[in-house]
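Using numbering that gives the first Met the number 0, the first residue of the sequence shown is number 0, and each one after it goes up by one.
For each residue, glycine too, the CB sits at the ideal point set by N, CA and C.
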Amino acid sequence: MTPSRADRPGRAALRLLRSALGRSRPAVLRLLAWSLLSAAPALVAGKALALAVDRGFLAHRPGPAAGWLALFAAVSALGAWASRQTYPWLAEVVEPMRDRLLGEVVSGMLHRAVATHGRADGSGAIAVARLTRQVEAVRDTVAGQLLIVSHFALTAIAVIVGSAALAPAAAALIAGPLLLSLAAFAALAPATARRQREAFAAEEELARSCADALRALRDLVACGAREAAEREVLAAVAANAEAGRALARLAGGRRLIVSLGAHLPLLLVVLAAPALVRHGLTAGAVIGVLAYLTGTLEPALRLLVQGAGASWLRLAVAAERLAAASHPVDATAAARAGHQLPPVDGSFELSGVSFSYGANADPVLDGFDLAVRDGEHLAVVGPSGIGKSTLADIVAGVVAPGHGKVLLGGAAPADLAPADLARARVLLPQDPYVFTGTVAENLRWLAPRATDSAVLASARAVGAEPLLRRLGGLAGHLAPGALSPGERQLIALARAHLSDARLVVLDEATRHLDAAAELRVERAFRSRPGTVVTITHRPGPARRADRVLLLDGSRPRLGTHAGLLADTPAYRHLTATPDPDAAGARPAATP
């Protein structure tokens, strides 16, 4: 659940701890058992030293004194061995939690990427910061919290119980300041949490600004904006450094808390020692109480305040931010605000569409208008880098335009649930995705309920039947690395042909096929219902298309192949240029 604005940072951390502890109860019980045994030296220390002084050294009996000290040494060795046994069980609690958290964050980020249609906004750099620094910070600090807090709690109980057994009056002198120090520690936590949150935000902003500057470096240099970008990055560096210094200043206050909880009781016991001795307290008991304070309580409290304090706040803020990042976007939230019905056909319309890859970059598309009817075949041609693939991404709803409106079958992609958008169109890139598995699993990816006969019919239509026979049929094993680029394209083309999508966008999806195979693919997609958009460098698909869109860096031109040949010199030059891939094209598959 995403924390609300009213949530305190610690609540997300507590939910995380409860989840980790609740899902690993056997490991938690074993961790607790070993932790109890590791606390034995804290309980024995003062009593053993008191007996060694009173019944040994002061009684001029060095043998019993050495015996009590040897007992304490043996208990300390046992405690150290028990501490060593806690770590494997700590890993059994923490590592599964880290894996679950990592999976939730990745899932949430993927959902958000789909919901925002992959807009380039620096979120990738923020994602890296979350997946590396923040998830690892949670893993490390949860482990530290479990060890430090359990150690302090057991130590504090042992000190108070042991001191009460030696000198009941001294126990009150210890418990009072200790409780005050813990209260002060809790009171300081909100301000420190705020500073820690600001430090995380500054770190993410620094990652975002660096990523933006590197991505737009060429445009920044070309536009003379390098110095402005440099100032922005340096400002983010300075803000990150200042956030770290502010956090460090608050850390100084934690030292005073240690003095209040451990050094003040020490002073009180020393000042009260003469009165305690007059009321029957032995010298060994006084030394034992002081040993509890200096050798046991003070290190544990310092570790809690200086170590657990900082790590708890880091955990609280990191857990809060990761909880928000891992929360999946409601797939229907956008649809409720606008068009909820899926596209009615394969038509699409672009109105006043503009897109650029950075705030200061020249637009790839600027005020672009285009309308394509259902069932039409459109070829998009133009030199490399002119924006053909960007147009394909916008038409498919993968990328949202900076300005303007896009409609797929009468519906805006941004208002569609991801599942509806996925069923409405299919985009095939030049290097399609093929995964390790059976041939049937790859071909049915977009149509999981398709029958074997339908799958084979689509493979036959695009010319992939010989490839399927070579692979062993639908049940054959498919290894992407063993296929040529053309064979991978055939698998993806058969998969798209099998789907129910009424809009098919082929972005150089036949680049690695020979001319005969390319023609067969065109006929296959023209024979199925819907619209086909072909992004190509080759003149053949443009000659056979219903209409051709020429992108050449100036005003886009739309018309028929014959009309563009007659009145557009750039198109004549483009179609007269030999296809650079034709000579090296290889058949996609051989029987």
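Asked, Found
"For Arg468, which three-state DSSP category applies?", "helix"
"Could you pull the DSSP bridge partners for Leu375 from this structure?", "The residue asked about is misnamed: residue 375 is Glu in this sequence, not Leu. Looking at the DSSP assignment, Glu375 forms no beta bridge with any residue, so it has no partner."
"Keeping to the same chain, check which residues put their C-beta closer than 7 Å to that of Gly552; ignore five residues upstream and five downstream.", "Ile385"
"Give me the DSSP bridge partner(s) of Lys404.", "Ser350"
"Pick out whichever of Ala474, Arg487 and Leu213 has its Cα sitting closest to the Cα of Val461.", "Arg487"
"Could you name the residues of the same chain whose beta carbon sits closer than 7 Å to that of Ala166, not counting the 5 residues immediately before and after it, in chain order?", "Leu275, Leu280, Ala284 and Val288"
"Between Ala237 and Ala245, what straight-line distance do the alpha-carbon atoms span, to the nearest angstrom?", "12 Å"
"Within the same chain, show all residues whose beta-carbon is closer than 6 Å to that of Ser75, passing over the 5 residues directly before and after it, in chain order.", "Pro40"
"Give me the Cα-Cα distance between Leu70 and Ala47, rounded to the nearest whole angstrom.", "8 Å"
"What number of angstroms, rounded off, separates the C-alpha of Asp361 from the C-alpha of Ser355?", "6 Å"
"Helix, strand or coil for Gly436, going by three-state DSSP, please let me know.", "strand"
"Going by DSSP, what residues sit across from Phe367 in a beta bridge?", "Val352"
"From this set, Leu259, Ala416 and Ala282, which residue's C-alpha is nearest Leu178's C-alpha?", "Leu259"
"Between the beta-carbon of Leu598 and the beta-carbon of Leu489, is there less than 9 Å?", "Here the chain comprises residues numbered 0 to 590, so residue 598 is not present and cannot be evaluated."
"Could you pull the start and end residues of the alpha helix (DSSP H) that Val269 belongs to?", "Leu263 to Arg277"
"Can you name, in chain order, every residue of its own chain whose Cβ lies under 8 Å from the Cβ of Arg525, other than the five neighbours on each side?", "His376 and Val531"
"If we ignore side chains and look at the alpha-carbon of each, how far apart do Ala299 and Ser180 end up?", "13 Å"
"Out of Thr389, Ala410, Leu68 and Val257, which has the shortest C-alpha to C-alpha gap to Gly345?", "Ala410"
"Tell me, please, whether the region 490-507 touches the region 527-541 by the rule of three or more beta-carbon pairs shorter than 8 Å.", "yes"
"Just list the residues that DSSP pairs Ala534 with in beta bridges.", "Here the sequence assigns Ile to residue 534, which means Ala is not the residue at that position. Paired residue(s): Val379 and Asp506."
"Could you check the C-alpha separation between Ala541 and Gln195 for me, to the nearest Å?", "58 Å"
"Specify, as a first and last residue, the run of the beta strand (DSSP E) that Gly558 falls within.", "Arg556 to Gly558"
"What are the start and end residues of each continuous alpha helix (DSSP H) run of 4 or more residues lying completely inside the region 129-189, in chain order?", "134-165"
"Less than 6 Å between C-beta atoms, sequence neighbours within five positions excluded: which residues of the same chain meet that for His511?", "Pro484, Gly485 and Gln488"
"Based on the DSSP output, what are the partners of His476 in its beta bridges?", "Thr437"
"Could you pull the start and end residues of the beta strand (DSSP E) that Leu549 belongs to?", "Arg546 to Leu549"
"Using the three-state DSSP reduction, which class does Arg424 fall into: helix, strand or coil?", "strand"
"With 16 other CB atoms within 10 Å as the buried threshold, where does Val55 fall?", "Residue identity differs from the one stated: residue 55 is Gly in this sequence, not Val. Burial call: buried."
"Taking Cβ positions, are Ala169 and Val52 nearer each other than 9 Å?", "no"
"Which value, in whole angstroms, describes the spacing of the CA atoms of Ala602 and Val148?", "Coverage of the chain is limited to positions 0 through 590, which leaves residue 602 absent and any answer about it impossible."
"Does Lys387 pass the burial test, meaning 16 or more other C-beta atoms within 10 Å, or should it be called exposed?", "buried"
"Distance check for Glu507 and Ala399, CA to CA, integer angstroms please.", "21 Å"
"Taking DSSP's pairing of strands, which residues face Ala410 in a bridge?", "Leu407"
"Under a three-way DSSP split, which group does Leu390 fall into?", "helix"
"What's the gap between the Cα of Ala192 and the Cα of Ala186?", "11 Å"
"Exposed or buried, which one is Trp88 when buried takes at least 16 other CB atoms within 10 Å?", "buried"
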